[in-house]
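Novice: Structure provided below as structure tokens; questions to follow.
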Amino acid sequence: MIVALDEGIRELVHDGDTVALEGFTHLIPVAAGHEIIRQRRRDLTLVRMTPDIVYDQLIGAGCAAKLVFSWGGNPGVGSLHRFRDAIQNNWPRPLEIEEHSHAGMANRYVAGASGIPFAVLRGYVGTDLVGQTANIKPITCPFTGESLTAVPALNPDVAIVHAQRADRAGNVQMWGITGVQKEVVLAARRALVTVEEVVDELEPVPGATILPHRVISAVAVAPNGAAPSYAHGYYARDNQAYQAWDPIGRDRDSFTAWLDSEVLGSAGENAKGTS
Amino acid sequence: MSTENQWSSDEIMTVTASRALVGDAACFVGIGLPSTAANLARRTHAPDLWLIYESGTLGAKPETLPLSIGDGILAETADTVVPVPEVFNYWLQPGRIDVGFLGAAQLDRFGNINTTVIGDYADPKVRLPGAGGAPEIAANCREVMVIVRQSRRTFVEKVDFVTSVGFGNGAGDRERLGLRGAGPTRVITDLGVLEPDPETRELTLVTVHPGIDVDDVRAATGWELAVSPDLTTTTPPSDEELAVLRVLTGK
Chain X
89 MIVALDEGIR
99 ELVHDGDTVA
109 LEGFTHLIPV
119 AAGHEIIRQR
129 RRDLTLVRMT
139 PDIVYDQLIG
149 AGCAAKLVFS
159 WGGNPGVGSL
169 HRFRDAIQNN
179 WPRPLEIEEH
189 SHAGMANRYV
199 AGASGIPFAV
209 LRGYVGTDLV
219 GQTANIKPIT
229 CPFTGESLTA
239 VPALNPDVAI
249 VHAQRADRAG
259 NVQMWGITGV
269 QKEVVLAARR
279 ALVTVEEVVD
289 ELEPVPGATI
299 LPHRVISAVA
309 VAPNGAAPSY
319 AHGYYARDNQ
329 AYQAWDPIGR
339 DRDSFTAWLD
349 SEVLGSAGEN
359 AKGTS
Chain L
3 MSTENQWSSD
13 EIMTVTASRA
23 LVGDAACFVG
33 IGLPSTAANL
43 ARRTHAPDLW
53 LIYESGTLGA
63 KPETLPLSIG
73 DGILAETADT
83 VVPVPEVFNY
93 WLQPGRIDVG
103 FLGAAQLDRF
113 GNINTTVIGD
123 YADPKVRLPG
133 AGGAPEIAAN
143 CREVMVIVRQ
153 SRRTFVEKVD
163 FVTSVGFGNG
173 AGDRERLGLR
183 GAGPTRVITD
193 LGVLEPDPET
203 RELTLVTVHP
213 GIDVDDVRAA
223 TGWELAVSPD
233 LTTTTPPSDE
243 ELAVLRVLTG
253 K
């Protein structure tokens, strides 16, 4: 259950998989994303409501063939330039996109976690997203005759999330902004949780163990593994790092140099974590 | 006018937007200008505003401006933190939110918003971040306010992509589409304020900021701008509003 991060990624993430590294600003599994880059996974369908700078890095490193998302930006800073370069100029390779709204994506996970084929919502009506995304369809309510919108369940091959802590059996405590992390783990076929620490016994706060061990394939210890996002109770969001990403991500050469030095080079090797 | 009471165009826009938020309204705010205006309102005339960020923080009372919708300070100060599916399914969709507060990359005369692409979708000139929560905020909040800097690049005859629906092609469209909120009731810019004409739903200039001429606004609008016969001038920011705003923004 408790594995090293590199072992967890090697066993659970394969070329061509649909992979969702979720985290809604908080608890973003950045260390796991960097390990995917180091292991040079290819042709991934990356899924996430809010692809941010770690997805910019995965896209720039050539790991992704497709992105399924609802908002792709550097939160509070601006655009993602590797994502832009891939869409506008096919660099380093073409990136297919499937685009939704947050409400649509959240409901796709809910349907996936619920074991039903689709979710229904009042959404998208009148927007151009309907014409661009095949996975958005009108549906008539069988009870009222009302016209609503259906989106298909999303069941990733692998979900990866970061949390504050786990016990040795793999029960996971998580608090603060929990985004769609519970839904994506329950929707996925396999799930890897990286944690700040593993403890012998979790403080027994009823309701605090968001993810019981039965729905998790492996837990890997990755201290500081959400940085530059944050882990509530452990460390704060490094807003400056998000701002500093903008000039690095803007330019292919500065990005490549950053990737070589911070992820693929010795700094990256040292950041792998242990079991 | 005292030296202290001079303001930038962004400042009068933000102050004007903050005044539009009143009472204990539940307000769904985006990051950036909407968040700044909403937090200014909460610190001045509307301490009971209930701020909702799409990360799941309901009733957030941040002491400093968050850089992102999921900053820790929002979670720490909120009345409650709920998962993201709950925000959209239990709070936004049933119509529990009074005001949606949005920005825009492009806006047209019927208040339709584009935050997706400039140019062709398949081969965009500029790829923007995309929809996020905006389409359903625009559809389901009781009313929507938009805060955006005004220029011909932004205020276009027709948006390149309808990310969020305002009044569609005009009167009656929202009703035909089954959208339940009233749509954009106010667009606040660095030049003035526009409101939809009650009959045609076309955005009409109703207020200009001090020192701005109607021709300045026309020059920054990519369609033939309708101007209200009752055009007024914005009340300048007070010393208190400016002081609180400058503490918030650190300027």
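Residue numbers (this note's numbering), protein chains in the order written: chain X, 89 to 363; chain L, 3 to 253. We treat Cβ as the ideally placed atom computed from N, Cα and C, and that holds for glycine.
#1: Within 10 angstroms of the Cβ of residue 167(L), are there 16 or more other Cβ atoms? Answer buried if so, exposed if not.
#2: Nearest chain L C-beta to residue 215(X) closer than 8 Å, yes or no?
#3: For residue 108(L), which beta-bridge partners are listed by DSSP?
#4: Here's the rule: buried if 16 or more other CB atoms are within 10 angstroms of the residue's CB, otherwise exposed. What is residue 253(L)?
#5: Just tell me which of 109(L), 89(L), 127(L), 172(L) has its CA closest to the CA of residue 148(L).
#6: Check each residue of the stretch 190–213 of chain X: if its Cβ is closer than 8 Å to any Cβ of chain L, include it; give the result in chain order.
#7: Measuring only between beta-carbons, confirm whether residue 325(X) sits less than 8 Å from chain L.
#8: Of all the CB atoms in chain X, is at least one closer than 8 Å to the CB of residue 177(L)?
#9: Mind checking if residue 41(L) is an interface residue toward chain X, Cβ cutoff 8 Å exclusive?
#10: Give the residues of chain X in contact with residue 69(L), contact being defined as C-beta atoms less than 9 Å apart.
#11: What would DSSP say about residue 165(X), mapped onto helix, strand or coil?
#12: Just how far apart, CA to CA, sit residue 351(X) and residue 93(X)?
#13: Determine, using beta carbons only, whether residue 264(X) and residue 83(L) come nearer to each other than 8 Å.
#14: Exposed or buried, which one is residue 177(X) when buried takes at least 16 other CB atoms within 10 Å?
#15: Excluding the 5 residues flanking residue 243(X) on each side, which residues of the same chain have their C-beta closer than 7 Å to its C-beta?
#16: Classify residue 8(L): buried if its beta carbon has 16 or more other beta carbons within 10 angstroms, exposed otherwise.
#17: In the DSSP assignment, find the unbroken beta strand (DSSP E) run with residue 157(X) in it and report its ends.
#18: Note down, in chain order, every chain L residue with its Cβ under 7 Å from the Cβ of residue 176(X).
#19: Under the three-state reduction of DSSP, which class applies to residue 306(X): helix, strand or coil?
#20: Looking at the secondary structure, which residues open and close the beta strand (DSSP E) in which residue 270(X) lies?
#21: Can you find a CB in chain L that lies within less than 8 Å of the CB of residue 159(X)?
#22: Pick helix, strand or coil for residue 92(L), following the three-state DSSP scheme.
#23: My guess is that residue 90(X) and residue 272(X) are in contact by the Cβ rule of under 8 Å, so how many angstroms apart are they, rounded?
#24: Can you tell me whether residue 127(L) is buried or exposed? The criterion is at least 16 other CB atoms within 10 Å of its CB, across all chains shown.
#25: Answer yes or no: does any C-beta atom of chain L fall closer than 8 Å to that of residue 343(X)?
#26: Taking only beta-carbon positions, decide if residue 56(L) is within less than 8 Å of chain X.
#27: Who are the Cβ neighbours of residue 313(X) in its own chain at under 6 Å, not counting the five residues just before and after it?
#28: What is the rounded straight-line gap between the Cα of residue 151(X) and the Cα of residue 129(X)?
#29: Taking a Cβ distance cut-off of 8 Å, strictly less, list which residues of the stretch 134–150 of chain X are near chain L, in chain order.
#30: Please name the residues in the stretch 21–33 of chain L whose beta-carbon is closer than 8 Å to at least one beta-carbon of chain X, in chain order.
#31: DSSP state of residue 6(L), grouped into three classes?
#32: What does a CB cutoff of less than 7 Å around residue 100(X) pick up in its chain, not counting 5 residues either side in sequence?
#33: Report the option in 175(X), 182(X), 234(X) whose CA atom is closest to the CA atom of residue 264(L).
#34: With a threshold of 8 Å on Cβ separation, who are the neighbours of residue 165(L) within its own chain once the five nearest residues in sequence on each side are excluded?
#35: Kindly indicate which three-state DSSP category residue 12(L) falls into: helix, strand or coil?
#36: Does DSSP classify residue 87(L) as helix, strand or coil?
Specialist: By the coordinates alone:
#1: When all chains shown are included, residue 167(L) counts as buried.
#2: With a threshold of 8 Å between beta carbons, residue 215(X) makes contact with chain L.
#3: Beta-bridge annotation (DSSP): residue 108(L) is paired with 116(L).
#4: So residue 253(L) ends up on the exposed side.
#5: Ranking 109(L), 89(L), 127(L), 172(L) by Cα distance to residue 148(L) puts 109(L) first.
#6: Against chain L - using a Cβ distance shorter than 8 Å - the residues of the stretch 190–213 of chain X are 190, 191, 194, 195, 197, 198, 209, 210, 211, 212, 213.
#7: True, the Cβ-Cβ gap to chain L drops below 8 Å.
#8: No, residue 177(L) lies away from the interface with chain X (no Cβ there is under 8 Å from its Cβ).
#9: For residue 41(L), the closest Cβ of chain X is not nearer than 8 Å.
#10: Neighbours of residue 69(L) in chain X, taken as residues at a C-beta separation under 9 Å, are given in chain order as 163, 164, 165, 325, 327, 330, 331.
#11: Looking at residue 165(X) - three-state DSSP - the assignment turns out to be coil, as it is neither helix nor strand.
#12: In this structure, the straight-line span from the alpha carbon of residue 351(X) to that of residue 93(X) is close to 14 Å.
#13: Judged by their CB atoms, residue 264(X) and residue 83(L) are nearer to each other than the 8 Å cut-off.
#14: With fewer than 16 other Cβ atoms inside 10 Å of its own Cβ, residue 177(X) counts as exposed.
#15: These residues qualify, in order along the chain: 200, 275, 276, 277.
#16: Flag for residue 8(L) reads exposed.
#17: Element bounds for residue 157(X): 152–157.
#18: By Cβ distance, chain L contributes 126, 129.
#19: In this structure, residue 306(X) counts as strand in the three-state DSSP scheme.
#20: DSSP places residue 270(X) in no beta strand (DSSP E) but in the uninterrupted alpha helix (DSSP H) bounded by 269–275.
#21: Yes, its Cβ sits closer than 8 Å to a Cβ of chain L.
#22: When secondary structure is reduced to three states using DSSP, residue 92(L) falls in the helix class.
#23: Distance from residue 90(X) to residue 272(X) at the Cβ level is roughly 21 Å; contact not present, criterion being Cβ atoms closer than 8 Å.
#24: A residue is called buried once 16 or more other Cβ atoms fall within 10 Å of its Cβ, and residue 127(L), having fewer, is exposed.
#25: For residue 343(X), the answer is no, since every Cβ of chain L falls outside 8 Å of its Cβ.
#26: With its beta carbon less than 8 Å from one in chain X, residue 56(L) belongs to the interface.
#27: Once the five neighbours on either side are set aside, the close Cβ partners of residue 313(X) are 119, 250, 282.
#28: Roughly 6 Å separates the two Cα atoms.
#29: Residues 137, 138.
#30: The stretch 21–33 of chain L vs chain X, Cβ under 8 Å: 33.
#31: Confidence is the limiting factor: at residue 6(L) the pLDDT is only 48, short of 50, which leaves the residue's position unreliable and the question unanswerable from this model.
#32: Cβ within range, chain order: 246, 278, 280, 305, 306.
#33: With chain L represented from 3 up to 253, any question about residue 264(L) goes unanswered, as that position is not in the structure.
#34: Only 115, 116, 117, 118, 132, 133, 136, 137 meet the Cβ criterion.
#35: Three-state result, residue 12(L): helix.
#36: For residue 87(L), the three-state secondary structure derived from DSSP is helix.
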